[in-house]
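103 is the number that UniProt numbering gives the last residue of the sequence shown; the numbers go up by one with no jumps.
By construction, the Cβ of each residue, glycine as well, lies at the ideal position given by its N, Cα and C atoms.
As structure tokens, the structure follows; a few thoughts come after it.
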Amino acid sequence: MYVGMNRFQVREEFAADFEKLWGERDSHLKETPGFLQFHLLRGDVTDGVRLYSSYTTWQSKADFENWTKSEQFVKAHKKAKMPREAYVTHPKFEGFEALFSIN
1 MYVGMNRFQV
11 REEFAADFEK
21 LWGERDSHLK
31 ETPGFLQFHL
41 LRGDVTDGVR
51 LYSSYTTWQS
61 KADFENWTKS
71 EQFVKAHKKA
81 KMPREAYVTH
91 PKFEGFEALF
101 SIN
């Protein structure tokens with residue numbers, strides 16, 4: 001299993017719009033081979049900045065990489081725009097291969 005995460009530092013005054021954007025967008029993930037799950041995680045606010053993480057699980061790293069080169073990826077990100085000033089920094093990607101799992 002492979003986990004792909006993007007961390008977003010969003011200014012609190014843009015948090016509601018950020019959540020609405022993610023809630024209403026068509027991610028096209030379900031039609032992508034190897035896709036397992038998606039979660040949008042919301043963290044605490046520190047100094048007026050809310051932390052979010054998009055969390056996706058895939059059958060393999062290759063499935064994730066294929067998605068990033070796919071038409072579904074382009075469609076999912078085409079309308080997913082927030083004003084530049086909404087973010088403190090550019091979103092940071094982190095990828096992990098699962099070593100152990102407990103269900």
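Item, Value
"Buried or exposed (CB count within 10 angstroms, at least 16 for buried), T32", "buried"
"Alpha-carbon spacing of residue 104 relative to F100, whole angstroms", "Only positions 1 to 103 of the chain appear in this structure, which leaves residue 104 out of reach."
"Residues near R41 by beta carbon distance below 8 Å, same chain, minus five either side", "Note that residue 41 is Leu in the sequence shown, not Arg. Closer than 8 Å at the Cβ level, and outside the excluded window around L41, lie Y52, S53, S54 and Y55."
"For Q59 and W67, the rounded distance between their alpha carbons", "12 Å"
"CB contact flag (T57, L36, <8 Å)", "yes"
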